[in-house]
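Chains as they are written, first to last, in the working numbering: chain A, 27 to 388; chain B, 507 to 763; chain C, 4 to 236.
Idealized CB from N, CA, C, for every residue including glycine.
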Amino acid sequence: MIDVDIDQRLGTFHLAVRFSADAPIVGLFGRSGAGKTSVINAIAGITTPARGQICIGGVSLFDAAKGINLPPEERRVGYVFQDALLFPHMDVRSNLLYGQKLRSPEDRFIDEARVVELLGLDAMLRRKPNTLSGGEKQRVAIGRALLAQPRILLMDEPLAALDVPRKTEILDYIERLRDELSIPIVYVSHSVAEISRLADTVVILSDGKCVAVGDVDEVMGRLDLRPATGRYEAGSLIETKVAAHHVEDQLTTLAFDGGELFVPQVDASIGERVRARIRARDVSLATQRPEGISILNVLAGCITAVDAGAGPIVDVQLAVGGATLNARITRRSLQQLGIHVGQNVYALVKAVSLDQRSVGYA
Amino acid sequence: MRSLCCLLCSMALVCFAAGSATGAYAADAMVFAAASLKEAMDDQARQFEAGTGNKVTIVYGASNALAKQIEAGAPADIFLSADREWMDYLDQRHLLAPGTRYSLLRNTLVLIAPASSKSTLKIGPNFALAAALGQGKLAMANPDSVPAGKYGKAALEKLGVWSGVEKQVARAENVRAALVLVARGEAPFGIAYSTDALADKGVRVVDTFPPDSHPAIVYPAAAIATAKSSAAKLLLDYLRSSAARPVWEKYGFGMVQ
Amino acid sequence: MLGISPDEVGILALSLRVAAVSVICSLPLAILVAYGLARFSFPGKTLVDAIVHLPLVLPPVVVGFALLLLLGKHGPVGSVLDEWFGIVFAFRWTGAALASALMGFPLMVRAIRLSLEAIDQRIEIAARTLGGSRLWVFASITLPLALPGIITGTLLSFARGLGEFGATITFVSNIPGETQTLPLAIYTFTQVPGGDALALRLSVIAVVLSLVALATSEWLTRRSQRMQGNDRR
């Protein structure tokens, strides 16, 4: 349970954030400069807000009115920084154990062996940080924060400094953390893909204020939040279950109440719950069921909203069974096809566009 | 972390060991002696140590510098000055142990030149020192404060030569520094004690200053008021005893008695 | 020619002791001052910085004279120290150590400060989030990372202290066996007839010592930099 209600001035930037969230992973999403890092710095105790309270798991870390302001070393908040910030003069093992040595034994709920196994650090223990790759450093940073026995883990854009293969690698590890440990995580990112894949609840920040809190698939799809979530990466999330694997051409079928989706083979078992993220710009619309076309995913749906706005591009929202899909088309097509609310249309999604990055485990 | 602790511990140990050495000096008697006494006093000290087993440390320097250091609290037991004035200086400030002062030695003032010099200059009223110097320097201890320099200036003034050579004087910190300048050939002439010329083979005596051209050169000796060691009293007595005479005479000093 | 007499060994030992004590005693203060100058801004900081650097630019004789005035037996600080604690600096090797310490202090502070400023402070913040108190972070993170600068500063100050002359001779005089350090001994022997050979021998020793100190500083600094990993942002 994370309760934050703070007011803070950082130079000319005014932060006034208030939200409550409770989930294994709480995403903190917003554009660059929205105030995401400022919020977790306040939670960690690195900066002190002018007024308000911060309460994690029922423990009050900061309360201006009552004069409570725990220093960072007493908050038991694990912080994973964007650039790892490992101690260069210690080897990996000493880095890992730095925080653990400072905690009393009765506070310990996770041990070195578990963390090493969870994050695959065994081969690195004697190495120095400057010999590690970016991904390896980040894993050590996560391990180090965990071994400090935190009551909550804060991750500040941990994948930002990594290249794509490393991002995927670390994402897998974070999902393992979420599934195998019971530590709540606050995950800061400006990447829709990451938030969609990892978070259950998301807090959207814009200009230093919290503009929305809610379930990730609901909030991320909302058209009215477009300014905060950013136009380019708009999309929708669909909760599905793995229905079948087609070994012969390496495709998987995902089933949801609006139909079925073909995606390139997904590493999950039949019946497992999986979340698919479909980018709005990968969705085309047709007023008739098309034939002789390579697109495998043709879903029947009904238009629920049209965001005309200005410019040549428009966003359209449609209901496909119980799920919501966002489509992005040209204004010309909108007019030529006569798209309007209530209309029955077909949404076309290329299987190819639903790659590994788009499919995450719920 | 452990290495840091080790470093701190060893540092503390060193400081403790060092700090514990704030006790008395190693020597039994500390002598502040005029620079011109170097070889003679070293020899006397050796004899004294051999005879009594007391260790002697000697600090040599210009008498004026030594007197000022004693005034500032320097831990001298005995002071051997090259003139009476600097002993009076301490006496007036009640820094001498009463009843211990006496006149110990005599000396003569000479004009010196590098050993290779062929000069046949003779000292007399208005003698041609300036001409002999030419462009070169006259090496002297500081004529304003150091005994050897004061004697030298007095002599040159009496002989009417001072104003002619005043601007060419190379002032040295003490008489031995002046001696070295001449020995190295940096100055064609210099003024020092006859005992200094005896000590340094690099110089030769050109001529001796007439004794009436300057105040009598007398070396007083005294114990300092703060002196605590009995060895100092012993040494003071030894220096004017007949046992010490041979050494003084060996180095060219005359004893007052 | 190569044989070193017991007297010379004594002079050398005294010099090394004076320089070592001066460095060891001034190191904690230098670290404190360097930390204050590197991490904080406060009114009068420029003045403090200037005062720290003063011995570097003042004539050493001035420093020695100031010490004599203040810490001499009759000086305001010196008389108090003597009467109440029995601590005497004037005309003692402790005074020589003090003079050396003062003259080498700016070099020490400069080197340590540079090292501290090069540390990414976010690493210290990370250590605090892991549970380290300010003091613990200073001891376990800041000091080890500043080690190259500390080593350099220490050895530079040591070499400078070994060669200190003007302040030493003015403050503690030239007492053989007590304050006659290497430079003072060389100076004395230049005034002794026939003392040139000895002065030369001691000078060579002085040069060798300084070279060894500088080379050691280089080697240790590079070694500790390697131990820390060189990827610093």
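Can you give the beta carbon distance from residue i to residue j, rounded, assuming they're within the 8 Å contact cut?
{"i": "B/S542", "j": "B/D702", "result": "6 Å"}
{"i": "B/G758", "j": "B/I697", "result": "Contact doesn't hold; Cβ gap of about 16 Å is too wide."}
{"i": "A/I304", "j": "A/V375", "result": "6 Å"}
{"i": "C/G164", "j": "C/S103", "result": "3 Å"}
{"i": "B/I730", "j": "B/I584", "result": "7 Å"}
{"i": "A/F282", "j": "A/A349", "result": "6 Å"}
{"i": "A/I319", "j": "A/I365", "result": "Contact doesn't hold; Cβ gap of about 19 Å is too wide."}
Residues of chain A with CB under 7 Å from residue i, in chain order?
{"i": "C/Q231", "result": "P114 and H115"}
{"i": "C/I144", "result": "F113"}
On a CA-only basis, which of the options is nearest residue i? Give me that one, please.
{"i": "A/F45", "options": "A/T278, A/G234 and A/A110", "result": "A/G234"}
{"i": "B/A676", "options": "B/G670, B/A684 and B/A621", "result": "B/A684"}
{"i": "A/F288", "options": "A/S295, A/A294 and A/T279", "result": "A/T279"}
{"i": "A/G37", "options": "A/E100, A/A225, A/D137 and A/A76", "result": "A/A76"}
{"i": "A/R326", "options": "A/S120, A/P316, A/R170 and A/V340", "result": "Checking the sequence, you will find Ala at residue 326 of chain A rather than Arg. Out of A/S120, A/P316, A/R170 and A/V340, A/P316 has the C-alpha closest to the C-alpha of A/A326."}
{"i": "C/G197", "options": "B/Y699, B/F695 and B/D706", "result": "B/D706"}
{"i": "A/G261", "options": "A/A238, A/R301 and A/D275", "result": "A/R301"}
{"i": "A/Q34", "options": "A/A90, A/G84, A/R202 and A/Q291", "result": "A/A90"}
{"i": "A/I51", "options": "A/L179, A/N121 and A/I94", "result": "A/L179"}
{"i": "C/L150", "options": "C/E120, C/Y190 and C/G75", "result": "C/E120"}
{"i": "A/D12", "options": "A/A269, A/I94 and A/D189", "result": "Nothing can be reported for residue 12 of chain A: it is not among the residues displayed for chain A, which extend from 27 to 388."}
{"i": "C/G13", "options": "C/T155, C/T182 and C/V26", "result": "C/T182"}
{"i": "A/T313", "options": "A/D333, A/S232 and A/Q369", "result": "A/Q369"}
{"i": "C/S99", "options": "C/Q231, C/V210, C/E167 and C/R204", "result": "Contrary to the premise, residue 99 of chain C reads as Ala rather than Ser in this sequence. Nearest C-alpha to C/A99: C/E167."}
{"i": "B/H720", "options": "B/P752, B/G691 and B/T614", "result": "B/T614"}
{"i": "A/K163", "options": "A/V237, A/Q361, A/L185 and A/I221", "result": "A/L185"}
{"i": "B/V753", "options": "B/F633, B/M547, B/A603 and B/K561", "result": "B/M547"}
{"i": "C/I153", "options": "C/L223, C/S18 and C/D10", "result": "C/L223"}
{"i": "A/I136", "options": "A/Q108, A/G169 and A/G161", "result": "A/G169"}
{"i": "A/D275", "options": "A/I264, A/R307 and A/Q291", "result": "A/Q291"}
{"i": "C/F141", "options": "C/G156, C/I208, C/E127 and C/T132", "result": "C/E127"}
By DSSP's criteria, residue i is part of a beta bridge. Which residues make up the other side?
{"i": "A/H272", "result": "A/L277"}
{"i": "A/A331", "result": "A/Q343"}
{"i": "C/L138", "result": "Answer by DSSP bridge pairing: none, since C/L138 is not bridged."}
{"i": "B/P620", "result": "B/V709"}
{"i": "A/E286", "result": "A/A281"}
{"i": "A/S86", "result": "A/C81"}
{"i": "B/R599", "result": "According to DSSP, B/R599 bridges with nothing at all."}
{"i": "A/H40", "result": "A/R35"}
{"i": "B/P726", "result": "B/S609"}
{"i": "B/L615", "result": "B/Y699"}
{"i": "B/A647", "result": "B/A678"}
{"i": "A/E265", "result": "A/R301"}
{"i": "B/M536", "result": "B/T563"}
{"i": "A/R354", "result": "A/D341"}
{"i": "B/T714", "result": "B/V616"}
{"i": "A/A326", "result": "A/Y372"}
Listing by chain order, which chain C residues have their CB less than 8 Å from the CB of residue i?
{"i": "B/R552", "result": "Under the 8 Å cutoff, chain C gives no residues; its nearest Cβ is about 13 Å from B/R552."}
{"i": "A/R170", "result": "L133"}
How would you list, in chain order, the residues of chain A whose beta-carbon sits under 8 Å from the beta-carbon of residue i?
{"i": "C/G152", "result": "Correct list: empty, because the minimum Cβ distance to chain A is about 13 Å."}
{"i": "C/R125", "result": "F107 and L111"}
What does residue i touch in chain C if you count any residue whose Cβ is under 9 Å from its own?
{"i": "B/R682", "result": "Q194, V195 and P196"}
{"i": "B/L685", "result": "Q194 and P196"}
{"i": "B/K664", "result": "None at all; the shortest Cβ gap to chain C is about 28 Å."}
{"i": "A/E99", "result": "A130, R131, T132, L133, G134, G135, S136, R137, W139 and V140"}
{"i": "B/K756", "result": "In chain order: nothing, as chain C lies at least about 16 Å away."}
{"i": "B/A775", "result": "No statement about residue 775 of chain B is possible, as the shown extent of chain B runs from 507 to 763 and does not include it."}
{"i": "B/A689", "result": "P196"}
Under 7 Å between beta-carbons, which chain B residues line up against residue i? List them in chain order, please.
{"i": "C/S176", "result": "V565, Q575 and A580"}
Listing by chain order, which chain A residues have their CB less than 9 Å from the CB of residue i?
{"i": "C/L148", "result": "F113, P114 and H115"}
What do you reckon, is the C-beta of residue i under 7 Å from a heavy atom of the ligand ZN?
{"i": "B/T732", "result": "Among the ligands in the structure shown, none appear at all, so the ligand ZN cannot be discussed."}
Can you pull the chain C neighbours of residue i, defined as C-beta to C-beta under 7 Å?
{"i": "B/K544", "result": "V195"}
Ranges of the alpha helix (DSSP H) found wholly within the stretch 40-107 of chain C, counting only runs of at least 4: 48-60, 63-74 and 79-83
Residues within the stretch 692-713 of chain B neighbouring chain F, beta-carbon criterion of under 9 Å: Considering every chain present, this structure includes no chain F. Its protein chains are A, B and C.
Which ranges would you report for the beta strand (DSSP E) in the stretch 191-244 of chain A if only whole runs of at least 3 residues count? 211-215, 227-232 and 235-241
Please give the ranges of any beta strand (DSSP E) in the stretch 48-80 of chain A, keeping only runs that are unbroken, at least 3 residues long and fully inside the region. 51-55
Beta strand (DSSP E) runs wholly inside the stretch 172-225 of chain C, at least 3 long, in chain order: none
Hey, which unbroken runs of the alpha helix (DSSP H) at 4 residues or more fall wholly within the stretch 653-709 of chain B? 653-664, 668-671, 681-689 and 700-705
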